[in-house]
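Asker:
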Amino acid sequence: MKSSHYRKLAMVIATLALSLQVTVAQTKKPNIVILATGGTIAGAAATGTQSGYTSGAVGIDTMVAAVPGIRDLANIKGEQISNVGSQDMSFDILLKVAKRINELTKSADVDGIVITHGTDTMEESAYFLNLTVKTDKPVVMVGSMRPSTAVSADGPLNLYNAVGVAGDPKAKGRGVLVVMNDTIHAAHSLTKTSTTAVQTFLSPVRGVVGVASYGKNDFYSSPEWKHTTQTEFDIAQVTAMPRVDVIFASMDMSPALIDASATGAKGIVIAGVGNGNMNKASVDAAAAAVKKGVVVVRSSRVTTGLVGRNVELDDDKLGFIASDELNPQKARILLSLALLKTRTPKELQEMFTKY
711 MKSSHYRKLA
721 MVIATLALSL
731 QVTVAQTKKP
741 NIVILATGGT
751 IAGAAATGTQ
761 SGYTSGAVGI
771 DTMVAAVPGI
781 RDLANIKGEQ
791 ISNVGSQDMS
801 FDILLKVAKR
811 INELTKSADV
821 DGIVITHGTD
831 TMEESAYFLN
841 LTVKTDKPVV
851 MVGSMRPSTA
861 VSADGPLNLY
871 NAVGVAGDPK
881 AKGRGVLVVM
891 NDTIHAAHSL
901 TKTSTTAVQT
911 FLSPVRGVVG
921 VASYGKNDFY
931 SSPEWKHTTQ
941 TEFDIAQVTA
951 MPRVDVIFAS
961 MDMSPALIDA
971 SATGAKGIVI
981 AGVGNGNMNK
991 ASVDAAAAAV
1001 KKGVVVVRSS
1011 RVTTGLVGRN
1021 VELDDDKLGF
1031 IASDELNPQK
1041 ARILLSLALL
1051 KTRTPKELQE
1061 MFTKY
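Numbering (my numbering), first residue to last: 711 to 1065.
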């Protein structure tokens, strides 16, 4: 055989080998770890039509086994971190979750993380992880509005889509995401808007990040705020979080709750009326708390809109911090993390702008 024939044969073999490598790479399934914390998605009721149920009654292995085709999307491993309703979610559990994610994602064998969680406090937990997780790999939270035993349970498809997002390379670098009801939300923007409806989570100010449909995803945008690897928060050695209270403002409110909170809390978030406002008696009480060394953040009980600095109240004079876009529950998360170190009022205000 002539040398030219050998060369042609070698080229054909090389082309086939390259094609095989591409095919294998395209069909290789991602490795996803599911960290289970409980919630309605792990809930169970005596019948399929009753509204009452027990949260966190189903383990992660049972949950995964109930989702047809989910193992076709990814190689899945499950870990049970906790099994509580999200009303009982705590910083202790969240610190465990964040540290476990940071540990797992160091491995080249882990491509993404899914966290199952109840919906009541999901936005707070998502935002906490968004600020403390140190990876660009996809980290996706998921839950459900109906327990696993419901006639039309939404948990199985939500979990299927969450695994699909966590295994999608296009989800990398977007911070912690929340997948619910075919929609992909950013941790900074989403909020729960209905007590019982399946379409409970909305991102009313900034819009959604994308949509997820049976494991296939379409991304619209990427969050602008600093998150994950871009943040300054290191919880590796943290075992407890500073106490920050949220106080709901209302017409003719008493300043007594502010006074009481100032005796033990490191920070207070006011869920203010309108643009983060409150009556004069409460303003005076909050200003007195600042003089005692308590950080006071003005947020709003209104669903959308900014709380601007020196708007309605003179924050410079009173020593308050304006929450910008963060609602009261997320403002509490950021302030608690910020108070792990001593910060100046200027530094704290900058955090509420960039995070």
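Note that the Cβ used here is the ideal one computed from N, Cα and C, for glycine as well.
Quantities reported herein were computed from a predicted structural model and do not represent experimental measurements.
Can you name the start and end residues of the alpha helix (DSSP H) that L1058 belongs to?
Answerer: Element bounds for L1058: 1055-1064.
Asker: Does N1066 pass the burial test, meaning 16 or more other C-beta atoms within 10 Å, or should it be called exposed?
Answerer: Beyond the ends of the chain as shown, which are 711 and 1065, falls residue 1066; an answer cannot be given.
Asker: What does the alpha-carbon distance come out to for the pair I825 and V843?
Answerer: 13 Å
Asker: Please confirm if the stretch 978-986 is in contact with the stretch 997-1009, defined as three or more CB-CB distances below 8 Å between the two stretches.
Answerer: Segments in contact, yes.
Asker: Identify, in the order they occur along the chain, each residue of the same chain with its Cβ nearer than 7 Å to the Cβ of S923, setting aside the five sequence neighbours on each side.
Answerer: D892
Asker: R781 lies in the alpha helix (DSSP H); which residues open and close that run?
Answerer: Taken as a continuous stretch (DSSP letters only), the alpha helix (DSSP H) holding R781 covers 780-783.
Asker: Quick check on DSSP: helix, strand or coil for T829?
Answerer: coil
Asker: From the DSSP secondary-structure annotation, give me the bridge partner or partners of V889.
Answerer: V852, I894
Asker: Let me check one thing: in DSSP terms, what residues is A926 bridge-paired to?
Answerer: It is worth fixing the name first, because residue 926 is Lys in this sequence and not Ala. According to DSSP, which records beta bridges pairwise, K926 is partnered with S923.
Asker: Considering just the uninterrupted stretch of the alpha helix (DSSP H) at R1008, what are its terminal residues?
Answerer: First-last for R1008: 1005-1010, but that is the beta strand (DSSP E), not the alpha helix (DSSP H).
Asker: With which residues is V979 paired in a DSSP beta bridge?
Answerer: DSSP, once it has assigned bridges, lists V956, V1007 as partnering V979.
Asker: So, under 8 Å CB-CB, M855 and V908 are touching, yes? Tell me the CB distance rounded to an integer number of Å.
Answerer: 5 Å
Asker: If you draw a straight line from the C-alpha of A872 to the C-alpha of R884, how long is it?
Answerer: Their Cα atoms are separated by approximately 14 Å.
Asker: Where does Q1059 land, buried or exposed, given buried means 16+ other C-beta within 10 angstroms?
Answerer: buried
Asker: Under the three-state reduction of DSSP, which class applies to A746: helix, strand or coil?
Answerer: strand
Asker: With a threshold of 6 Å on Cβ separation, who are the neighbours of F838 within its own chain once the five nearest residues in sequence on each side are excluded?
Answerer: L804, I1043
Asker: I'd like to know if the stretch 809-820 and the stretch 953-972 are in contact, where contact means that at least 3 CB-CB pairs between them fall below 8 Å.
Answerer: no
Asker: Counting only the same chain and skipping the five closest in sequence on each side, list residues whose C-beta sits under 6 Å from that of A995.
Answerer: Non-local beta-carbon contacts of A995 in its own chain, meaning distances under 6 Å to residues more than five positions away in sequence, involve P965, I968, D969 in chain order.
Asker: Going by the CB atoms, is the gap between T831 and M799 shorter than 7 Å?
Answerer: yes
Asker: Residues bridged to G822 by DSSP?
Answerer: DSSP output for G822 lists I742 as bridge partner(s).
Asker: Using the Cα positions of G974 and P879, report the straight-line distance between them to the nearest angstrom.
Answerer: 45 Å
Asker: Rounded to whole angstroms, what is the Cα-Cα separation between H895 and E1035?
Answerer: 16 Å
Asker: According to the Cβ coordinates, are K882 and P933 closer than 7 Å?
Answerer: no
Asker: Near T901, what residues of its chain come up, given a Cβ to Cβ distance below 8 Å and the 5 sequence neighbours on each side ignored?
Answerer: E833, F911, L912, S913, P914, T1013, N1037
Asker: On the three-state DSSP scale, how would you describe E789?
Answerer: DSSP places E789 in strand when its eight states are reduced to three.
Asker: Give me the Cα-Cα distance between V948 and K990, rounded to the nearest whole angstrom.
Answerer: 38 Å
Asker: Run through DSSP, which three-state label would N1020 get?
Answerer: coil
Asker: Per DSSP, I1031 forms a beta bridge with which residues?
Answerer: Note: I1031 sits in a beta bridge opposite V1007.
Asker: Who are the Cβ neighbours of D944 in its own chain at under 7 Å, not counting the five residues just before and after it?
Answerer: none
Asker: Please report the distance separating the alpha-carbon of I811 from that of T906.
Answerer: 30 Å
Asker: Are I694 and I791 closer than 7 Å when you measure CB to CB?
Answerer: Because the chain spans 711 through 1065 in this model, residue 694 falls outside it and cannot be assessed.
Asker: Please report the straight-line C-alpha distance between D1026 and R1019, rounded to a whole angstrom.
Answerer: 8 Å
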